[in-house]
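Structure record follows, encoded as structure tokens.
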Amino acid sequence: MNRDEPLVLGIETSCDETGIGIVRGRTLLSNTIASSMDEHSRYGGVVPEVAARAHLEALQPSIEAALAEAGAALGREGPLALADLDAVAVTSGPGLAGALMVGVGAAKALAVSLGKPLYAVNHLVGHIAADILDADAPPLEYPTVALLVSGGHTSLLLVRDLTTDVELLGETMDDAAGEAFDKIARILGLPYPGGPQIDKAAATGDPKAIAFPRGLSRASDMAKHRYDFSFSGLKTAVARWIEQREAAGETVPIDNVAASFREAVVDVLVTKALAACADHDVPRLLLGGGVIANRRLREVTLARAADAGVTVRIPPLSLCTDNGAMIAALAAELIMSGREPSTLEFGADSTLPVTEIQVAPAAERVA
Numbered sequence: 199m200n201r202d203e204p205l206v207l208g209i210e211t212s213c214d215e216t217g218i219g220i221v222r223g224r225t226l227l228s229n230t231i232a233s234s235m236d237e238h239s240r241y242g243g244v245v246p247e248v249a250a251r252a253h254l255e256a257l258q259p260s261i262e263a264a265l266a267e268a269g270a271a272l273g274r275e276g277p278l279a280l281a282d283l284d285a286v287a288v289t290s291g292p293g294l295a296g297a298l299m300v301g302v303g304a305a306k307a308l309a310v311s312l313g314k315p316l317y318a319v320n321h322l323v324g325h326i327a328a329d330i331l332d333a334d335a336p337p338l339e340y341p342t343v344a345l346l347v348s349g350g351h352t353s354l355l356l357v358r359d360l361t362t363d364v365e366l367l368g369e370t371m372d373d374a375a376g377e378a379f380d381k382i383a384r385i386l387g388l389p390y391p392g393g394p395q396i397d398k399a400a401a402t403g404d405p406k407a408i409a410f411p412r413g414l415s416r417a418s419d420m421a422k423h424r425y426d427f428s429f430s431g432l433k434t435a436v437a438r439w440i441e442q443r444e445a446a447g448e449t450v451p452i453d454n455v456a457a458s459f460r461e462a463v464v465d466v467l468v469t470k471a472l473a474a475c476a477d478h479d480v481p482r483l484l485l486g487g488g489v490i491a492n493r494r495l496r497e498v499t500l501a502r503a504a505d506a507g508v509t510v511r512i513p514p515l516s517l518c519t520d521n522g523a524m525i526a527a528l529a530a531e532l533i534m535s536g537r538e539p540s541t542l543e544f545g546a547d548s549t550l551p552v553t554e555i556q557v558a559p560a561a562e563r564v565a
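In this text, residue positions in the sequence shown follow this note's numbering: the first is 199, and each later residue adds one.
Below is the structure:
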């Protein structure tokens, strides 16, 4: 296997997007994503069984599309051949159990049939690895603080080394930020997914119009939960504010509610991320996850980080949502660092801790 610039295919099926990515070392060759979002929109959120079936239907055509895109990127007349791959990578967790099982099963079958090594990796660490595929950015420096914000996860990490040392500083204790956006959008009568809809409504609103609470931000909270997040109280506060206005016969200013809610979420995210940078003397902050597409979150982070002397890295938005390229990139880093592949003994792990960067590496196999 080529450890200098390994050619790796990554499979990501942790939620509602079937992601197939192909990289050569740190060079992105293909990033193919098939989303089942439209199928979930009628339910107002992701339905695990629907997601799993959608992955089954999308996997083969997505792999074929990724091979064609990679072949073109390499200047070949036809698609990249599976036999040319150096390794296969897959998300083992965290995520929806049924959705993960589809990807894990496909990756194992592909690796065994091709006789290629298989790397089972962590979804959250994959979001960090997406950053190294940005050809226009300088190399990622360590240590760095990483803020990952998505529909299923809100995590604050200290990354000392991408392949060996990722520490969980804090995470959400209830709703993830993206989940909170979806729930508030539903309360406001806006369609799913909520993030883009809240962003659109907030564009004409006043972020200071309503003083919504900042979860786990009081002095008493910070002593124990300095880096943890909670958005359920904020969600309840917004719902009650709307109920009171409706009960009084008043019109609910959707733009002001959206802007004030968004500002509360952004304020907490940025404050805790910069606190982690200061506390650990790390002048670097990396953003990842689908909610990073939120315009206000990027604006506030960049402005406040500049004031604090912190450099911010944001991967291309196409690599912030769940994708197979980030999984392939993480596996490529593991290969180039000399890590052995995973055994076939791993499975889907919906609660895989972020500290477990690679699952079931062969070097750790117990006889």
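By construction, the Cβ of each residue, glycine as well, lies at the ideal position given by its N, Cα and C atoms.
Quick caveat: nothing in here was measured; it's all calculated off a predicted structure.
Checklist entry - Can you give the Cα-Cα distance for Ala565 and Leu265, rounded to whole angstroms? => result Any reading at Ala565 must be qualified, since the residue scores a pLDDT of 38, below 50, and its modelled position is unreliable; the value itself is stated next. For Ala565 and Leu265, the distance between alpha carbons rounds to 37 Å.
Item to check | Cβ neighbours of Cys475 in the same chain (closer than 6 Å, five flanking residues each side left out) | outcome: Cβ neighbours of Cys475 beyond the five flanking positions: Val343, Leu483, Val508.
Checklist entry - What are the boundary residues of the beta strand (DSSP E) that Asp288 is part of? => result The amino acid at residue 288 is misidentified as Asp; the sequence shows Val. 285-291 is the span of the beta strand (DSSP E), which, as asked, contains Val288.
Checklist entry - Which residue or residues does DSSP assign as beta-bridge partners of Ala318? => result Val288, Val557
Item to check | DSSP-derived helix/strand/coil call for Ile440 | outcome: Here Ile440 carries a helix assignment [DSSP, helix/strand/coil].
Checklist entry - Roughly how many angstroms lie between the CA atoms of Val364 and Glu538, to the nearest whole one? => result 19 Å
Checklist entry - Are the Cβ atoms of Leu367 and Val300 separated by less than 8 Å? => result no
Checklist entry - Given Ala374, which residues of its chain have a CB within under 7 Å of its CB, disregarding the five upstream and five downstream residues? => result Ser348, Gly349, Gly350, His351, Thr352
Checklist entry - By DSSP, does Pro464 sit in helix, in strand, or in coil? => result It should be pointed out that residue 464 corresponds to Val in this sequence rather than to Pro. Of the three classes helix, strand and coil, the one that applies to Val464 here is helix, per DSSP.
Checklist entry - Could you give the residue range of the alpha helix (DSSP H) that holds Asp380? => result Start and end: 375-385.
Next on the checklist: So, under 8 Å CB-CB, Tyr317 and Leu532 are touching, yes? Tell me the CB distance rounded to an integer number of Å.
Outcome noted: 6 Å
Item to check | Neighbourhood of Ile525 by C-beta, 7 Å cutoff - its chain only, sequence neighbours within 5 removed | outcome: Gly208, Ile209, Glu210, Gly219, Ala287, Val288, Thr289, Val319, Gly324
Checklist entry - Buried or exposed: Leu515, going by 16 or more other Cβ atoms within 10 Å of its Cβ? => result exposed
Item to check | Given 8 Å, three or more beta-carbon pairs between the region 495-508 and the region 459-471 | outcome: yes
Checklist entry - How would you label Ala409, buried or exposed, when you count the other beta carbons within 10 angstroms and need 16 or more for buried? => result exposed
Item to check | Inter-residue spacing [alpha-carbon to alpha-carbon] between Leu280 and Gln556 | outcome: Their backbone Cα atoms lie some 23 Å apart in a straight line.
Next on the checklist: With a threshold of 8 Å, are at least 3 pairs of Cβ atoms found where one atom belongs to the region 517-524 and the other to the region 326-337?
Outcome noted: When Cβ pairs closer than 8 Å are counted between the two stretches, the region 517-524 is seen to touch the region 326-337, the count reaching three or more.
Next on the checklist: By the three-class DSSP mapping on this structure, what secondary structure does Arg563 have?
Outcome noted: Confidence at Arg563 is low in this model, with a pLDDT of 46, below 50, so the placement of that residue should be treated as unreliable; the coordinate-derived value is given next. Coil at Arg563, not helix or strand.
Checklist entry - What's the C-alpha gap between Leu388 and Ala506? => result 36 Å
Item to check | Straight-line Cα distance separating Ala421 from Asp477 | outcome: 13 Å
Next on the checklist: Are the CB atoms of Gly217 and Asp520 within a distance shorter than 8 Å?
Outcome noted: yes
Checklist entry - Who are the Cβ neighbours of Leu386 in its own chain at under 6 Å, not counting the five residues just before and after it? => result Ile452
Next on the checklist: Please return the same chain residues whose Cβ sits closer than 7 Å to the Cβ of Ala263, not counting the five positions on each side in sequence.
Outcome noted: Thr230
Checklist entry - Unbroken beta strand (DSSP E) runs of length 3 or more, entirely within the region 409-457: which are they? => result none
Next on the checklist: As a quick exercise: from Gly403, Ala530, Thr553, Asp479, pick the residue whose alpha carbon is nearest that of Arg494.
Outcome noted: Gly403
Next on the checklist: In the DSSP output, what is Ala344 paired with across the bridge?
Outcome noted: Leu355, Leu484
Checklist entry - In its own chain, which residues sit with a C-beta less than 7 Å from the C-beta of Ala305, not counting the 5 before and 5 after it? => result Ile209, Val286, Val288, Leu316
Checklist entry - Of all the options Asp284, Ile261, Pro292, Gly291, which has the alpha carbon lying nearest to the alpha carbon of Pro277? => result Ile261
Next on the checklist: Mapping the DSSP letters down to three states, classify Ile209 as helix, strand or coil.
Outcome noted: strand
Next on the checklist: Given this structure, state the Cα-to-Cα distance separating Arg240 from Arg511, to the nearest angstrom.
Outcome noted: Rounded to the nearest angstrom, the two C-alpha atoms are 35 Å apart.
Checklist entry - By DSSP, does Asp214 sit in helix, in strand, or in coil? => result Coil, per DSSP.
Item to check | Thr370 classed as buried or exposed, judged by whether at least 16 other C-beta atoms fall within 10 angstroms | outcome: Residue burial is scored here from C-beta neighbours: Thr370 has at least 16 other C-beta atoms within 10 angstroms and is therefore classed as buried.
Checklist entry - Can you check whether the CB of Tyr390 is closer than 8 Å to the CB of Asp400? => result Here the sequence assigns Ala to residue 400, which means Asp is not the residue at that position. Taking 8 Å as the cut-off, the beta carbon of Ala400 is found no closer than this to the beta carbon of Tyr390.
Checklist entry - Relative to the alpha-carbon of Trp439, which residue among Val206, Pro411, Ala335 has its alpha-carbon at the smallest distance? => result Pro411
Item to check | Length-filtered (4 minimum) alpha helix (DSSP H) runs lying within the region 479-544 | outcome: 493-506, 522-534
Next on the checklist: Could you check whether Leu322 and Cys213 sit closer than 8 Å to each other, using their CB atoms as the reference points?
Outcome noted: One thing to note: Cys213 has its Cβ no nearer than 8 Å to the Cβ of Leu322.
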